[in-house]
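This report concerns only the one structure given below.
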Amino acid sequence: MTNLDPIDKMLLKILQNDSKQTNKQLALQLNLSVTAVYERIKKLERAQVISKYVALVDKSKVNKSFVSFCSIKLTQHTQDHVRQFEKEVIKLKEVLECYHTSGDYDYLLKVLVGDMEEFRKFMVEKLTSISHIGSTHSAFMISEVKHTTAISVV
Numbered sequence: 001m002t003n004l005d006p007i008d009k010m011l012l013k014i015l016q017n018d019s020k021q022t023n024k025q026l027a028l029q030l031n032l033s034v035t036a037v038y039e040r041i042k043k044l045e046r047a048q049v050i051s052k053y054v055a056l057v058d059k060s061k062v063n064k065s066f067v068s069f070c071s072i073k074l075t076q077h078t079q080d081h082v083r084q085f086e087k088e089v090i091k092l093k094e095v096l097e098c099y100h101t102s103g104d105y106d107y108l109l110k111v112l113v114g115d116m117e118e119f120r121k122f123m124v125e126k127l128t129s130i131s132h133i134g135s136t137h138s139a140f141m142i143s144e145v146k147h148t149t150a151i152s153v154v
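Numbering-wise, the sequence shown is residues 1 to 154 according to the UniProt record's numbering.
Laid out in structure tokens, this is it:
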């Protein structure tokens, strides 16, 4: 756990909203020198509080608006089956997120494709071909009520 002071927290909030701002722009907002902002950012990167910078793509602009949440149940929960499933699911470009969960199902996947036909093809040709899957359950997004990548630190 890294100790974050109020300025670090504000800096993270600003960067999560727009990481393309210059250090000068950040310095003005934080009432700091450009050098101080630079040093704080480097400290946060070294501590891996900031792990990387990315461009967020609008899924509708790249024809990938069909979102599905797939629950997966494995046939057995042996270490080998778990490792094998995770190794295989990581390779699937349609899977944006994969979580090992408690409850009725073992994994929850967030899948992004263009349409229902592409989802069907993904399920038949890719996902269900992974060994040790006992059952799947899918739910489809009707509308996106909230979507954020920002983690509240303030």
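Even for Gly, the Cβ is constructed at its ideal location relative to N, Cα and C. Only a predicted model underlies this, so the values are computations on that prediction, with no experimental measurement involved.
At 4 residues or longer, what runs of the alpha helix (DSSP H) sit wholly inside the stretch 3-55? 6-17, 23-30, 34-46
Residue 113 by DSSP, collapsed to three states: which one? strand
Given a cut-off of 7 angstroms, decide if residue 81 and residue 132 are closer than it, judged by their beta-carbon atoms. yes
Residue 129 by DSSP, collapsed to three states: which one? helix
Check whether the stretch 41-48 and the stretch 56-69 are in contact - that is, three or more C-beta pairs closer than 8 angstroms. no
Could you check what DSSP says for residue 86 in three-state terms: helix, strand or coil? helix
Going straight from the alpha carbon of residue 91 to that of residue 39, what length do you get? 37 angstroms
Compute the Euclidean distance between the alpha carbons of residue 19 and residue 53, then round it to the nearest angstrom. 7 angstroms
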